[in-house]
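For reference, the structure is listed below as structure tokens.
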Amino acid sequence: MKKKAPASKGIDDMKSLIHSHAEFFDNLIELIPAKFYQAKDEDSTPWYQGLSKAAKASLKQQSRQNLKLARRQRFDPESKASSSAPNQDSLVNFEEDMDQGEQNQSVTYEELRQKLRRKIEVMRGNRGTASDDKNVKNNGKKRKRGGEFAGGISGKEVESEDAEEIIEYGKVRLGDDEELTNRRKKKKGKLSKVKELERAQRLQEVKREKSGFAERESWMNATNRAMGVKVHDNSRLIKESMKRERRKKEKSSEKWKEREETTKKIKEQRQQKRKDNIEGRIKDKKMRKIAKREKKLMRPGFEGRKDSYITQE
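This is the structure in structure tokens:
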């Protein structure tokens, strides 16, 4: 009995080693998706376009049911079986394994479709700012339509809320001068240089009389310049600009007169040339007729045109 003990001990060690190796390979197979090594029956998936309407409807209904089952099985931890389980069951019952394989195949198709949809949604979400701006605009339009139909927030209120969020850069407002804002609102069109000169002269006269008004006006001009508005308060510069404009107008008027004279001369020359050409063509036509009449054939002694009689002295 003492001699057989080492042999039995070695057999037990071998069994435990084989069992550990089998568990290792089973766990390794679990990491590999079953769709990569399970056999697929290509004949079980018919050509969709070649089916009849009833077959197409039944196939759609089956795919919907498979989708529902896939969703339930995905969130049910007890229903998830190992990838090696179908192979072990196939050794016991081949037909049950084929049915289960077809079901898993249909389920995997639905899962792949869902994954593809998720990827498309993620890619749409990761697009650039242009698509985001379009989505924001579309959402704003939808909000406006929803407010009009539902009787909720009106479109004007939505526009006012959007207008409050706008931030203007490049303009600096110093102080709350209501008169300045009212003056800018009342100012509809651009004043002429004559009116600007009169206004500048009146302001200079008022500044001499009232010192407080002068300081206030200078402060307003400084704020306008800081905001980017052109201020015409110097009468000397206004006069110089008026002189420049006057000279420019005089030069342009002279050029226009010269252009009119040249066009008039060219027109007269063309008319005279046309008249001479017409007269020349008429004269050439007459001369051709005369030459043709003189070149007519005449038979001697019978016919011909004579200038005078022979006996006439």
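Using the UniProt record's numbering, the first residue of the sequence shown is number 1, and each one after it goes up by one.
The beta carbon of each residue, even a glycine, is placed where N, CA and C say it ideally should be.
As the structure is a prediction and not an experimental result, all values here were calculated from the model.
So, under 8 Å CB-CB, residue i and residue j are touching, yes? Tell me the CB distance rounded to an integer number of Å.
i	j	result
Leu59	Glu110	The pair is not a contact, with the Cβ atoms about 13 Å apart (cut-off 8 Å).
Asn234	Ala200	7 Å
Ile238	Leu197	5 Å
Lys35	Thr108	5 Å
Quick check: what's the CA-CA separation for residue i versus residue j?
i	j	result
Arg288	Glu294	10 Å
Arg117	Met123	10 Å
Gly50	Met14	58 Å
Arg274	Arg281	11 Å
Glu240	Arg246	10 Å
Pro33	Gly125	29 Å
Lys283	Ile290	11 Å
Lys230	Arg236	16 Å
His21	Lys53	53 Å
Gly155	Val206	Unreliable placement is indicated for Gly155, whose pLDDT of 47 sits below 50; no coordinate value is reported for it.
Gln73	Phe25	25 Å
Ala70	Lys119	18 Å
Asn27	Leu17	15 Å
Gln269	Glu250	29 Å
Check for me: the alpha helix (DSSP H) holding residue i runs from which residue to which?
i	result
Lys35	Careful: Lys35 lies outside any alpha helix (DSSP H) and carries neither H nor E.
Met287	235-294
Lys56	53-75
Any heavy atom of the ligand ATP inside 7 Å of the beta-carbon of residue i?
i	result
Asn277	As far as ligands go, the structure on display features none, and thus does not contain the ligand ATP.
Next item on the list: Kindly confirm or deny that the region 217-237 and the region 253-262 touch, where touching means at least three C-beta pairs closer than 8 Å.
Entry: As far as the Cβ criterion goes, the region 217-237 does not touch the region 253-262, which means the pair count is below three.
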